[in-house]
Structures are given as structure tokens and as C-alpha cells.
Ligand code: ADE
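Residue numbers (this note's numbering): 91 to 316.
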């Protein structure tokens, strides 16, 4: 998979790709990440990429021209499955979206900034708009990093244990059950007996029950569709 990220702050988004599972995925060539600084496509020699909104109001709006030039240059080299815009005024990222995107070959992610981007970019070039939650960040960079992490860990071969992504919270519509490790008794706080029993049928049943209880207590909305 190839991911091209268009941003006004490449430095802000680079570090999550330099560590842990994501770095390993890049090292193994299962994914490649390419950062594009929107300023390289500025409309003048002063690096202009934004302007005041028509009709007045606070903040600046990213102009269509630099974005069009950058996307155009990328599209001239290869086909893209999706051109995604990170913005709070969009549908919220869910596991299902991450699952679907992990199967794509080439995607572009455009990070918003300031007051947003010219609406015509959204109408002409964007194929999918994603928010990571009902709150406003200073820009789309951190949101793009979250989206990339959620996608990349699902690419086959990225996680050592192929099945571990399948047992994540949300993959079966439930929150994950509690987990424990050694010691089995910590200052009299004991691990549930069933997990030490070696009876895997019982353990599966216990985990499912705990997942249900946790979901009912914390996110009952997830159970509504079941
Ligand atoms: N840009 C600013 N806030 C955002 C959010 N919540 N999700 C995605 N992109 C954003």
C-alpha cells in the first residue's frame, strides 16, 4: 500500500511513522508513506497557500490551486483508490472504515488547516471525508496519523500474530474483554480462576461474557444494532 499525505506541517505528522509497528511495516515494505508539503505548490514566491474567506469571517481558507496542483501531480503518476480529507465536519472513523481502507493500494490523505479548505476541492477531488471524533483539532495532521495507524496495523503481515487484529475492540462489535498477565496473585488481587484453568471453551465463554458486560456498561450504543 502507498499513502500520500498532503500537509502544511510535514514535521508535525512524521514521528508516528518512525516507531513501533508502523515503522516495522514500512521497513518490511508493506506500506510506504510519502509526505507532500503544500507550500511547495504555493501560488506565489512568498509561499501563499491560503486566503481570507469570501463573505467575511475569521480565519484563513486553504486555496484550491495549490491542492489541485499537488493532487494533479500525484494522479499523473498512478491511480488512486481514494482521496481522503480529514475534517471534523464528516462521518466518524470506525473500525469498518479502517478494514476497508486497509485493502486499498494507493490513497491520498489531505490534512485541513486553519478554517478548512475551499469547498470546491471537496466537490471536485475528495472521495471520502473522515473525522476522528466530535472535537476540533488545530489541523488534520494528528487525525491523519490516527487514520494511518488504524489502517496500517490491519495490512496482512504487519502484525506478528495474524489473528491479533481480529480480537481488537470493535472487530466483533464489542469492546475487548479484560486481560491479565503474571503474577497471578498481586498483593491479593487475583486473576480470575477461569483464565488459569486451561479450559479454552470456558475461557472463550468468559471472555465473551466480559466483553458483553463491558460494552453494556461503557458503550451500550454498540449493542443496539445486535
Ligand atoms: N481536523 C480538525 N479536527 C479534526 C477531527 N476531529 N477529525 C479529523 N480532522 C480534523
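Beta carbons: idealized from backbone N, C-alpha and C, even for Gly. What you are looking at is a predicted structure, and each value in this text was computed from that prediction instead of being measured.
A straight-line Cα-Cα distance of about 6 Å links residue 107 and residue 113. Nearest to residue 310 by C-alpha distance, out of 249, 260, 239, 203, is 260. In this structure, residue 91 has its CB at a distance of at least 8 Å from all heavy atoms of ligand 1. The Cβ atoms of residue 117 and residue 196 do not sit closer than 9 Å to each other. Annotation for residue 287 indicates a beta carbon at 8 Å or more from all heavy atoms of ligand 1. Residue side-chain check: residue 226 places its Cβ nearer than 8 Å to a non-hydrogen atom of ligand 1. Contact check for residue 173 and residue 200: beta-carbon distance about 7 Å, within the 8 Å limit, so the pair qualifies. The closest heavy atom of ligand 1 lies 8 Å or more from the beta carbon of residue 122.
Beta-bridge partners of residue 215 (DSSP): none assigned. Taking non-hydrogen atoms of ligand 1 into account, the C-beta of residue 99 is found less than 8 Å away from none of them. For residue 188, the Cβ stays outside the 8 Å cut-off from all heavy atoms of ligand 1. Residues 229, 231 of the same chain have their beta carbon placed closer than 7 Å to that of residue 99, with the five preceding and five following residues left out of the count. In its chain, beyond the 5 residues on either side, 188, 189, 192, 255 have a beta carbon closer than 8 Å to the beta carbon of residue 244. Put simply, the backbone Cα of residue 202 is about 12 Å away from that of residue 127.
In this structure, ligand 1 has no non-hydrogen atom nearer than 8 Å to the beta-carbon of residue 149. Taken in chain order, the complete beta strand (DSSP E) segments of 3 residues or longer contained in the segment 178-246 are 196-201, 218-221. For residue 220, the CB falls within less than 8 Å of some heavy atom of ligand 1. Beta-bridge pairing by DSSP links residue 126 to 96.
Contact between residue 220 and residue 180 holds, since their C-beta atoms are separated by about 5 Å, short of 8 Å.
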